[in-house]
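Student: One structure coming up, written as structure tokens, with questions to follow.
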Amino acid sequence: MKQNGRGNALLVELLIVVLFFMLAATTLMEIFGAAKQNSSRAGACSTAIMQAQNMVEQLYAADDMQAGLAALGFTQDEETWRMDCDGYELTVVCADEQTAAGTLRRAEITARYGGEKLFTLPATRYIPGEVSP
Numbered sequence: 380m381k382q383n384g385r386g387n388a389l390l391v392e393l394l395i396v397v398l399f400f401m402l403a404a405t406t407l408m409e410i411f412g413a414a415k416q417n418s419s420r421a422g423a424c425s426t427a428i429m430q431a432q433n434m435v436e437q438l439y440a441a442d443d444m445q446a447g448l449a450a451l452g453f454t455q456d457e458e459t460w461r462m463d464c465d466g467y468e469l470t471v472v473c474a475d476e477q478t479a480a481g482t483l484r485r486a487e488i489t490a491r492y493g494g495e496k497l498f499t500l501p502a503t504r505y506i507p508g509e510v511s512p
């Protein structure tokens, strides 16, 4: 009878150890999953920042912002230009302000990842007009 009691105690101990390792494995899987998501988000953010900075330079050099955006692969949706990239979305809103001295062109580039706004990068270019004496 004593032998049977020791066997049951050993089985209970083994079950407790297995349960502990299952909980530890579950916790580790959650940690690694969160790390993977953070890594993916950081990679998309880094790529989006580099692409947005390049776009600002190209838009600054372009005579026509809309033509420049279309050449870069953006599609127009009313007043917003959109482009889906690897895991993130870039949107550009353009506005021209005419003054007596020239034109002020503004563009606001916004990057989103999974519906969450990563950053907004403004771009401005002043084109002087002809001034009459």
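Heads up: the sequence shown is residues 380 to 512, going by my numbering. Ideal Cβ positions, reconstructed from N, Cα and C, are used throughout, including at glycine.
#1: For ALA502, report the span of its alpha helix (DSSP H) as first-last.
#2: Given that a residue counts as buried once 16 or more other Cβ atoms are within 10 Å of its Cβ, and exposed if not, what is ALA423?
#3: Near LEU483, which residues of its chain fall below 6 angstroms by C-beta distance, leaving aside the five closest residues on each side in sequence?
#4: Take PRO501 and list the residues in its own chain whose beta-carbon comes closer than 6 angstroms to its own, dropping the five residues that flank it on each side.
#5: Can the beta-carbon of THR489 be found less than 7 angstroms from the beta-carbon of THR459?
#6: Specify the secondary structure class of THR406 as computed by DSSP and reduced to three states.
#7: Would DSSP call TYR467 helix, strand or coil?
#8: Applying the 10 Å Cβ sphere with the 16-neighbour rule, what's the burial state of GLY447?
#9: Measure from the alpha carbon of CYS464 to the alpha carbon of each residue in MET429, THR478 and VAL391, then state which is nearest.
#10: In chain order, which continuous runs of the alpha helix (DSSP H) of length 4 or greater are located wholly inside the segment 388-452?
Tutor: Judging by the given coordinates:
#1: First-last for ALA502: 495-507, but that is the beta strand (DSSP E), not the alpha helix (DSSP H).
#2: buried
#3: GLU476 and TYR505
#4: GLU487
#5: no
#6: helix
#7: coil
#8: buried
#9: MET429
#10: 444-451
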